[in-house]
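S.K.:
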Amino acid sequence: MKSILTFLVLGLFWGLSACDSKQSAATNETDSNTPPSATVANVNNAPNTSSTTSDNTTAKAGVAKIEFDKVQHDFGTIKEGEVVKHKFTFKNVGNVPLVISDVKPTCGCTTTNFTKTPVMPNGQGEIELQFDSSGKAGPQHKPVTVLANVEGGQTQLVLTATVEAKPTIAGPYRNQ
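Under mature numbering (1 follows the signal peptide of the UniProt record, and there is no 0), the residues of the sequence shown are numbered -18 to -1, 1 to 158, in order.
1. Starting from the N-terminal side, write out each stretch of the beta strand (DSSP E) that is 3 residues or longer and does not extend beyond the region 40 to 104.
2. Beta strand (DSSP E) containing Lys124: first to last residue?
3. Out of Lys61, Gly76, Glu133, which one is the CA nearest neighbour of Asp114?
4. Cα-Cα, which of Gly63, Val75, Gly44, Thr150 is closest to Asp51?
5. Quick test of your reading: Val78 and Val45, contact by CB under 8 Å. State the CB separation rounded to the nearest angstrom.
6. What do you get for Lys118, buried or exposed, if any count of 16 or more other CB atoms within 10 angstroms of its CB means buried?
7. Which class does Thr150 belong to by DSSP, given the choice of helix, strand or coil?
8. Please classify Leu141: does DSSP put it in a helix, a strand, or coil?
9. Tell me whether the beta-carbon of Thr137 lies closer than 7 Å to the beta-carbon of Ile82.
10. Would you please state the rounded distance, in angstroms, between the beta carbons of Leu141 and Ile109? I believe it to be under 8 Å.
11. Val53 to Ala152, Cα distance in whole Å?
12. In angstroms with no decimal places, state the Cα-to-Cα distance between Thr59 and Thr127.
13. In three-state terms, what does DSSP make of Gly107?
14. Measure the C-alpha to C-alpha separation of Pro87 and Pro103 and round it to an integer number of angstroms.
15. Would the beta-carbon of Lys69 fall within 7 Å of that of Gln112?
16. Could you compute how far the alpha carbon of Lys148 sits from the alpha carbon of Val101?
Encoded structure:
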């Protein structure tokens, strides 16, 4: 039994090393057929990714910059089962169109609706978040991640609320 297990382990290592050498050979073959002028930088045809602004800070070109009026909203005290909404407004203060690819809440109690078309420089957009407090009693903190073509790739918005629990009826006459 030990010899069979040893044979299988050795065969696995031999197979993996053979796959690795084929991949290396394929990579080397591709590199030898590629003309020296076709480097990664040339293939991307990307413009210079940094520029200096008048206040001597370096800003990235090719990425938008998003600016929210505020990034956190507190609904205050709400009753359990209540559905509340808030619209976050933002402005593209960058020099390229802002594209929001997704808005991801951290739980199913929060839904999103957001500007899906590119927001031009100096243009505005909005992200509407809806929080359903059903089954959520006590203090609530709901982060939502905004994925966009901004430096760092994401921005975080936060909804907070204090949810008053529904009164429960105990005993033989409770509602079912």
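All C-beta atoms, glycine included, are put in the ideal place defined by N, C-alpha and C.
M.R.: On the basis of the coordinates in this document:
1. 40 to 42, 48 to 50, 54 to 61, 65 to 74, 82 to 87, 92 to 96
2. 120 to 130
3. Lys61
4. Val75
5. 7 Å
6. Buried, since its Cβ has 16 or more Cβ neighbours within 10 Å.
7. The DSSP-derived three-state label of Thr150 is coil.
8. strand
9. no
10. With 8 Å as the limit, Leu141 and Ile109 do not qualify as a contact, their Cβ atoms being about 11 Å apart.
11. 41 Å
12. Between the alpha carbons of Thr59 and Thr127 lies a distance of about 24 Å.
13. strand
14. So the alpha carbons of these two residues sit roughly 26 Å apart.
15. no
16. 42 Å
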